[in-house]
Amino acid sequence: MNRVRALRIEKNWTQEELGKRLNVKKSAVSKYEGNKIPLTDETLIRLSQIFNVSIDYILKISDYRHSTPIASKSDLLESITALSTESQKELEKYVQLLKLKDSTSTVKNS
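Going by the working numbering, the first residue of the sequence shown is number 575, and it counts up by one from there.
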């Protein structure tokens, strides 16, 4: 089932009700749901806002309704301190490797 249709049905909205929220006609909603016309960037953004889901979810790129946020520094620090000493050492090596990778790609892009 098309995600736009599934999300609309979850809200118990008619195509006309969704159309009003999108400022489009009922027929346009029907075409979106039937994959007869592509969703414009503007429409995707609006649908994402209306249904409070990610664009990736609407496009079936992801099965997660919301994109995964990057952990805050305090969350990362908490996770790191919970690791064993051995795992912390491995992580430190990996961080050094990533820093080296970033510095080499920065030089190449200059």
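Beta carbons: idealized from backbone N, C-alpha and C, even for Gly.
Since this is a predicted model, take the numbers as computed values, not measurements.
Separation of the CB atoms of I654 and L665 is rounded to 7 angstroms, and the pair is thereby assigned contact status at 8 angstroms.
In the three-state DSSP reduction, S604 falls in the helix class (H, G or I). Looking at the backbone, the Cα of L592 and that of E584 are separated by about 12 angstroms. Counting other Cβ atoms within 10 Å of its Cβ, Q662 stays below 16 and is therefore classed as exposed.
Distance from the CA of S601 to the CA of V627, rounded to the nearest whole angstrom, comes to 23 angstroms. Ranked by Cα distance from V578, the first of D615, K634, H640, K647 is K634. R620 and L613 have their C-alpha atoms roughly 10 angstroms apart. Unbroken alpha helix (DSSP H) stretches of 4 residues or longer found wholly inside the region 580 to 646: 589 to 596, 600 to 607, 615 to 625, 629 to 632, given in chain order.
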